[in-house]
Structures are given as C-alpha cells and as structure tokens.
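>
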Amino acid sequence: DAKTTQPTSMDCAEGRAANLPCNHSTISGNEYVYWYRQIHSQGPQYIIHGLKNNETNEMASLIITEDRKSSTLILPHATLRDTAVYYCIVRVLGFQKLVFGTGTRLLVSP
Amino acid sequence: NAGVMQNPRHLVRRRGQEARLRCSPMKGHSHVYWYRQLPEEGLKFMVYLQKENIIDESGMPKERFSAEFPKEGPSILRIQQVVRGDSAAYFCASSLGLGLTDGELFFGEGSRLTVL
Chain A
491 DAKTTQPTSM
501 DCAEGRAANL
511 PCNHSTISGN
521 EYVYWYRQIH
531 SQGPQYIIHG
541 LKNNETNEMA
551 SLIITEDRKS
561 STLILPHATL
571 RDTAVYYCIV
581 RVLGFQKLVF
591 GTGTRLLVSP
Chain B
12 NAGVMQNPRH
22 LVRRRGQEAR
32 LRCSPMKGHS
42 HVYWYRQLPE
52 EGLKFMVYLQ
62 KENIIDESGM
72 PKERFSAEFP
82 KEGPSILRIQ
92 QVVRGDSAAY
102 FCASSLGLGL
112 TDGELFFGEG
122 SRLTVL
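Protein chains in written order, with the working numbering: chain A, 491 to 600; chain B, 12 to 127.
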C-alpha cells in the first residue's frame, strides 16, 4: 500500500470548515483513498472513501486532485465532537487490511 | 443491528498469566481483523481471519500470540504469558466482504489490557 503524509495536528474553530490534507504521491491506479477517525479512546470510525471523483456523504466531503497525488477531507461545519485523530489511508480494493499511519490530530475549539 | 462487540472492555493480568480477548463481528460479517494500539501510538495491524482461517498474520508477534475465528462463536485473541509490554488497547474490526460496497471495516470499542 502507498504511504500517506498528513500534518501532525490542526486546529479549527467550531462552526468553521475543517480541511484536512493528505499527500499520497505514490498512489497507484487501483488504490482507493479512505478516511477514518478515532475519537479519544474509541474504536476508529469510517468516514468516506473515493477513487478519483470527489465524494460527499452526510459526514464529510472528499476532494481528490486530478493527478490523485493528494486529497482533502472537508468537514463543512466542525463541531466540538469532531475533535479526533483523522487517518488517511490508501488501500487496494479487495485487499483486506487497513494500514494506519500517525494521522492528523484535529482540535475543534469553541 | 448491533455493532462489533468486544469483551472484556478492561482486563487486568499479572505477568505470566494468559489474556483472552473476544470479538463478535457484526451480523453477517465473516471477515475479522485485530489491531493493537500502544499508549500514545497508532493502530498496528495484527491479524486478519475469515471464518476458521487465518488469512494474514503478518502483524502478529511470533510468540505468545494466537488468534482464531471458529465456525461458531466469537473470534478470540489469546496472549500467553503476558508481559508489561503487552499493555495496550486491542481493537477488533469486521467487514462483510472485500469489495467497494462491502469492504468497509467496522470497529469495536476495544479491549484495554493492563499487565501488572
């Protein structure tokens, strides 16, 4: 699986959009971009995934650059409960395990 | 539909004892994964099982650790002769399949092992 690079930490004001970047310059054509988050001491939670088109669901939006070398997870209106570690993972579909990096620690403040 | 259930949530063992951690996957899921998270560290993959078979155990320590997922009943992660370095949170995840729509991993709340 390709490696990902994320900032160690980010801050965001409550109610603002949180934009979390991820670099995956060695991604191959059959690898998907997945985002999970882990709220303190809880199990990781799936957020969204995509291949090359932008994706949106009830939790977030995923913007993938045209060359697929980077992506951005957008939480449109961050709340205090969005404070968590966010993991960007690239994974070949049909391959089983997720390999977690160190992620980005997002702190949402009032 | 109940989520992934792990028990016990907290387990305390003395050095040299055995620890057994159980994981019941979501209903209908036949793929189970175990991860370990040491204090202040990221999640590390340990093993992937699919009903009665170990598919990938590349992250399992070579000694003292074993995992099973029997035809009936929960998946078990077993740690023999525990040492203080085994103290960690152990997370189980399950998935329905491996595809685009069924390959999402659902995680349990974890079992926290403390070795005295």
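Glycine residues also receive a C-beta, built at the ideal position from the N, C-alpha and C atoms.
Of the residues S86/B, E52/B, S98/B, which one's Cα is nearest the Cα of K62/B?
Position 51 of the second sequence holds residue 62/B. Ranking S86/B, E52/B, S98/B by Cα distance to K62/B puts S86/B first.
> Would you tell me roughly how many angstroms separate the C-alpha atoms of D67/B and E83/B, rounded to the nearest one?
As a position in the second sequence, residue 67/B is number 56, starting the count at 1. As a position in the second sequence, residue 83/B is number 72, starting the count at 1. Cα-Cα distance, rounded: 20 Å.
> Please classify T494/A as buried or exposed, where buried requires at least 16 neighbouring CB atoms within 10 angstroms.
Mapped onto the first sequence, residue 494/A falls at position 4. Looking at its Cβ environment, which holds 16 or more other Cβ atoms inside 10 Å, T494/A is buried.
> What residues from chain B crowd round P534/A, counting only those whose CB sits closer than 9 Å?
Against the first sequence, residue 534/A aligns to sequence position 44. Those are Y46, L54, F102, A104, L116, F118, listed as they occur along chain B.
> Measure how close the beta-carbons of M500/A and T594/A come, nearest whole angstrom, since I'm counting them as under 8 Å.
As a working mapping, residue 500/A is identified with position 10 in the first sequence. As a working mapping, residue 594/A is identified with position 104 in the first sequence. Sure, about 6 Å apart at Cβ, within 8 Å.
> Beta strand (DSSP E) containing G55/B: first to last residue?
Here residue 55/B is taken as the residue at index 44 of the second sequence, counted from 1. In the sequence as presented, Gly is not what sits at residue 55/B; that position holds Lys. For K55/B, the enclosing beta strand (DSSP E) starts and ends at 54-61.
> Among all the DSSP beta bridges, which residues are the ones paired with Q17/B?
Here residue 17/B refers to the residue found at position 6 when the second sequence is read from its first residue. Note: Q17/B sits in a beta bridge opposite C34/B.
> Using C-beta distances below 7 Å, list every residue in its chain close to G39/B, excluding the 5 sequence neighbours before and after it, in chain order.
Here residue 39/B corresponds to residue number 28 of the second sequence, with the count starting at 1. Cβ within range, chain order: L107.
> By the 10 Å Cβ neighbour count, where 16 or more other Cβ atoms means buried, how is T573/A classified, buried or exposed?
Locating residue 573/A in the first sequence gives position 83, counting from the first residue. When all chains shown are included, T573/A counts as buried.
> In the DSSP assignment, find the unbroken beta strand (DSSP E) run with V126/B in it and report its ends.
Taking the second sequence and counting its residues from 1, the one referred to as residue 126/B is at position 115. Here the beta strand (DSSP E) through V126/B covers 122-126.
> One question on the structure: do V589/A and F80/B come within less than 8 Å of each other, judged by their Cβ atoms?
Taking the first residue of the first sequence as position 1, residue 589/A is located at position 99. Taking the first residue of the second sequence as position 1, residue 80/B is located at position 69. Cβ distance not < 8 Å, so V589/A and F80/B don't count as in contact.
> For D557/A and G519/A, I'd like the C-alpha separation in whole angstroms.
Within the first sequence, the letter at position 67 stands for residue 557/A. Within the first sequence, the letter at position 29 stands for residue 519/A. Going from the Cα of D557/A to the Cα of G519/A covers about 10 Å.
> Going along the chain, which residues of the segment 587-600 of chain A sit with their C-beta nearer than 9 Å to a C-beta in chain B?
K587, L588, V589, F590, G591, T592, G593
> Can you have a look at A104/B and say buried or exposed, based on whether 16 or more other CB atoms are within 10 angstroms of its CB?
Locating residue 104/B in the second sequence gives position 93, counting from the first residue. So A104/B ends up on the buried side.
> What residues from chain A crowd round G121/B, counting only those whose CB sits closer than 9 Å?
By 1-based counting over the second sequence, the position of residue 121/B is 110. Per Cβ cutoff of 9 Å: S531, Q532, G533.
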